[in-house]
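Counting in full-length UniProt numbering, the sequence shown runs from 1 upward without gaps. In what follows, a structure is listed as structure tokens, so that the remarks can point back to it.
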Amino acid sequence: MLTPRQRVILRQIVSPPYIYRWAGLLTTIALMTGVTAVVLSDVGARQVLATGPAVTAPAAVNAAGRPVRAGEDAPARGMPGFARPAITSSLLTVTDTGTDRPAVALTFDDGPTPEYTPEVLDILAEYGAKATFCMIGDQALAHPELVQRVINEGHRLCDHTMTHDATVGSNAQDLMSQQLQRSRTSLSEVVAPPATIDYFRAPEGRWTPLLDEVAAQTGMRPLGWSVDTLDWTQPGTGAIVGSVQQGVHPGAVVLFHDGGGPREQTVEAVRELLPWLQEQGYQFVMPS
């Protein structure tokens, strides 16, 4: 039961102009809450796009529901089963090169292949660019002449396991160490004189802290990337070019592929990007 005073206060609240003021206040609070929720969700989406999913995110799967293996076509972007490769937690960046020009590091994964590696090397030679080739051990053993050419033309090698084994990071430390040592030795000794293997890159970017540690113990620096072209999804030459033009920055490490599937789009994208990067003032260097 309301007291006379409470009834007077209630009558004032629900009567004009007070009711309009209360309605306006509640509407303002609701709008601010909605705007805040939208902004926070947009920030979260941008963070995912910028950094990729967590290391435990599933890799792309094919129509049969199993992970895509080297040589298979991955689902197109936006299609069911597509998952963006995770970015390593041990990303190396390009350090000061002693000049005022910005630097970028180009990297190529899953080769060498006789179909695409020579074309990539021809383009790099045309523009005087150096790159890092993250090679699969079995591919290197099958095409030692291409490994030799990569070394002879001043590029560097990166260990990418023997068979593109994306589960290597989940193995026991002893087995992991044996796997990395075997692939590193195979890649080094396929050329004469034996090459120095400076880097290791986890297949599909599936890094674990232990894999980082074992790679370092084996004598290699874990090599990640900061610009993911997603060329392995075959999104089109224009999309590959656009991903670099939009994402490149001083000190960027760019991820391409010269193996693991059809790479005509990648070759054409590299052909367009190298002169464009030079026009922007970039020099091509090794990660350090």
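Note that beta-carbon positions come from the ideal geometry of N, C-alpha and C, so glycine has one too.
Asked, Found
"Candidates Asp231, Leu146, Ile136 and Ile29, of which the one nearest Thr163 by Cα", "Ile136"
"Through-space distance from Glu145 to Gly261, alpha-carbon basis", "20 angstroms"
"Leu211: first and last residue of the uninterrupted alpha helix (DSSP H) it sits in", "Pro209 to Gln217"
"Close Cβ partners of Gln148 (< 6 angstroms) along its chain, the five nearest in sequence each way excluded", "Val191"
"Own chain residues within Cβ distance below 7 angstroms of Pro102, not counting five before or after", "Pro250, Gly281 and Tyr282"
"Beta-carbon spacing of Ser226, Val253 below 7 angstroms", "yes"
"Environment of Pro287 [buried if 16+ CB atoms lie within 10 Å]", "buried"
"Inter-residue Cα distance where the pair is Asp174 and Leu211", "11 angstroms"
"Endpoints, beta strand (DSSP E) assigned at Met111", "Note that residue 111 is Gly in the sequence shown here, rather than Met. From DSSP, the beta strand (DSSP E) with Gly111 extends over Ala103 to Gly111."
"DSSP beta-bridge partners of Arg156", "Thr132"
"Endpoints, the alpha helix (DSSP H) within which Ala166 is located", "Careful: Ala166 lies outside any alpha helix (DSSP H) and carries neither H nor E."
"Rounded C-alpha distance that separates Leu230 from Phe108", "12 angstroms"
"Expected contact under 8 angstroms - CB spacing of Asp159 and Tyr116 to nearest Å", "About 20 angstroms separates the two Cβ atoms, so there is no contact after all."
"Simplified DSSP assignment, three categories, for Arg263", "coil"
"Whole-angstrom distance between Leu106 and Leu255, CA atom to CA atom", "7 angstroms"
"Extent of the continuous beta strand (DSSP E) run through Asp122", "No beta strand (DSSP E) holds Asp122; the alpha helix (DSSP H) holding it covers Thr117 to Glu126."
"Spatial distance of Ala140 from Ser183 (CA atoms)", "10 angstroms"
"Contacts around residue 299, its chain only, beta-carbon distance under 7 angstroms, and the 5 residues preceding and following it disregarded", "Because the chain spans 1 through 288 in this model, residue 299 falls outside it and cannot be assessed."
"Strand pairing of Asp100, partner residues [DSSP]", "In DSSP, Asp100 forms no bridge with anything."
"Of the listed residues Ser188, Ala142, Met176 and Ala129, nearest to Leu157 (C-alpha basis)", "Ser188"
"Contacts around Glu119, its chain only, beta-carbon distance under 6 angstroms, and the 5 residues preceding and following it disregarded", "Val267"
"Contact check, Pro203 vs Ala166, beta carbons under 7 angstroms", "yes"
"When Tyr127, Asp100 and Ser177 are compared against Gly219, the one with the closest alpha-carbon", "Ser177"
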